[in-house]
Amino acid sequence: SEGVSPVGASRGVRRPPRIPGPGRRTGIGVVGTDPNGTRDWSEKAWEGEGVSDPKQLVDKLWSYCHLLRDDGLSYQDYLEQLTFLLFLKMADELTRPPFGQEAIIPEGLDWRSLLARDGADLEAHYIHILNELGKHPGMLGIIYRKGQNRIQDPAKLQRLIKDLIDEESWMTLEADVKGDAYEGLLERNASDLKSGAGQYFTPRALIKAIVEVMRPQPGMEICDPACGTGGFLLGAYQHIIENNPQLDPD
Numbered sequence: 030s031e032g033v034s035p036v037g038a039s040r041g042v043r044r045p046p047r048i049p050g051p052g053r054r055t056g057i058g059v060v061g062t063d064p065n066g067t068r069d070w071s072e073k074a075w076e077g078e079g080v081s082d083p084k085q086l087v088d089k090l091w092s093y094c095h096l097l098r099d100d101g102l103s104y105q106d107y108l109e110q111l112t113f114l115l116f117l118k119m120a121d122e123l124t125r126p127p128f129g130q131e132a133i134i135p136e137g138l139d140w141r142s143l144l145a146r147d148g149a150d151l152e153a154h155y156i157h158i159l160n161e162l163g164k165h166p167g168m169l170g171i172i173y174r175k176g177q178n179r180i181q182d183p184a185k186l187q188r189l190i191k192d193l194i195d196e197e198s199w200m201t202l203e204a205d206v207k208g209d210a211y212e213g214l215l216e217r218n219a220s221d222l223k224s225g226a227g228q229y230f231t232p233r234a235l236i237k238a239i240v241e242v243m244r245p246q247p248g249m250e251i252c253d254p255a256c257g258t259g260g261f262l263l264g265a266y267q268h269i270i271e272n273n274p275q276l277d278p279d
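Just so you know, the sequence shown maps onto residues 30 to 279 in our numbering.
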């Protein structure tokens, strides 16, 4: 069941699902100053340079979040919109070399259809995509069900899609880089007293300390009944492979 990861077997350790949870990162860029008042990374991003450093990616994601919050968009809404758009972008990347997989997003509702539009037309098409994908059966429909566009300014939606998300090759980033960025966003939001997000974010250092006290072993079933983004399950998995080098990681 969800939140339970069987760890260890005759062949070794079974990997838990790849969850975009604590301990991972993503990236994008925005013109303007970051929280520390520097501009160097944002200038590079707008020149079209992809970024693979977790801290830079988080700085950029967070900076653009602040820009949208000026228009009344909450952090949770921003994260939701990032999820919808990144799913489309990564699904598109999987259809290209070196992956070459069959498209899972119907033609006309995919990432390329967004890139072909701008302004009010882009906004209307994005709303159409959310509505149509939400009607699909299976996991695709679950992801987009009742999805709404929360970015009311078409120009800012266009910047998010074309200047930030499309500049990065997300599927070629290591899973840990994407995950660290996600964790970084959660941590930034948790430190924002106005959001109240600190009540559900567990810092990595605390996760690591609790896992070391519990000392999970191969063959155990590890349960996190309050599993959110999978930080404790990933921490337990990491602890096991680091302390049992004889196990086959597959």
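No residue lacks a Cβ here, since even glycine has one placed at the ideal position from N, Cα and C.
Inset, instruction - Helix, strand or coil for Glu250, going by three-state DSSP, please let me know. - result: strand
Inset, instruction - Indicate the three-state DSSP secondary structure (helix, strand or coil) for Asp277 in the structure shown. - result: strand
Inset, instruction - Could you name the residues of the same chain whose beta carbon sits closer than 7 Å to that of Pro14, not counting the 5 residues immediately before and after it, in chain order? - result: Look at the range of the chain in this structure, 30 to 279, and you will see that residue 14 is not part of it.
Legend entry - Rounded C-alpha distance that separates Leu186 from Pro232: 31 Å
Inset, instruction - Count the other C-beta atoms from every protein chain shown that fall within 10 angstroms of the C-beta of Ser142, then say buried if there are 16 or more, exposed otherwise. - result: buried
Inset, instruction - If I'm right that Phe128 touches Glu122 with Cβ under 8 Å, what's the distance once you round it to whole angstroms? - result: 7 Å
Legend entry - Pairwise C-alpha distance: Ile251 and Leu96: 40 Å
Legend entry - Under 8 Å between C-beta atoms of Ile134 and Leu117: yes
Legend entry - Enclosing alpha helix (DSSP H) for Glu131 [first to last residue]: Taken as a continuous stretch (DSSP letters only), Glu131 belongs to no alpha helix (DSSP H), as it is neither H nor E.
Inset, instruction - May I have the straight-line CA-CA distance separating Pro5 from Ala265, to the nearest angstrom? - result: This structure gives no information on residue 5, because the portion of the chain shown stretches from 30 to 279.
Legend entry - Between the CA atoms of Gln275 and Tyr297 - distance to the nearest angstrom: Residue coverage of the chain in this structure runs from 30 to 279, which leaves residue 297 outside it and unanswerable.
Legend entry - Supposed close pair Leu189, Ile180 - CB separation, criterion 8 Å: 7 Å
Legend entry - CB of Asp139 within 8 Å of CB of Ala145, strictly: no
Legend entry - Spatial neighbours of Gly176 in its chain, beta-carbon cut-off 7 Å, leaving aside the 5 residues before and after: Phe113, Leu159 and Gly163
Legend entry - Whether Trp199 touches Met249 by CB criterion (8 Å): no
Inset, instruction - Taking the CB atoms as reference points, tell me whether Leu102 and Leu214 lie closer together than 8 Å. - result: no
Inset, instruction - Please say whether Val242 and Phe261 have beta carbons closer to each other than 8 Å? - result: no
Legend entry - Ser142, DSSP secondary structure in three states: helix
Inset, instruction - For Gly170, count neighbouring Cβ atoms within 10 angstroms of its own Cβ and tell me buried if that reaches 16, exposed if not. - result: exposed
Legend entry - Nonlocal neighbours in the same chain, by C-beta distance under 6 Å from Pro64, ignoring five residues either side: Confidence is the limiting factor: at Pro64 the pLDDT is only 38, short of 50, which leaves the residue's position unreliable, though a coordinate-based value still follows. No residues qualify anywhere along the chain.
Legend entry - Spatial distance of Asp195 from Tyr93 (CA atoms): 15 Å
Inset, instruction - Give every residue of the same chain whose Cβ lies closer than 7 Å to the Cβ of Thr124, excluding the five residues on either side of it in the sequence, and list them in chain order. - result: Gln130 and Ala132
Legend entry - Member of Ala255, Leu108, Gly167 and Arg174 whose CA lies at the smallest distance from the CA of Glu216: Leu108
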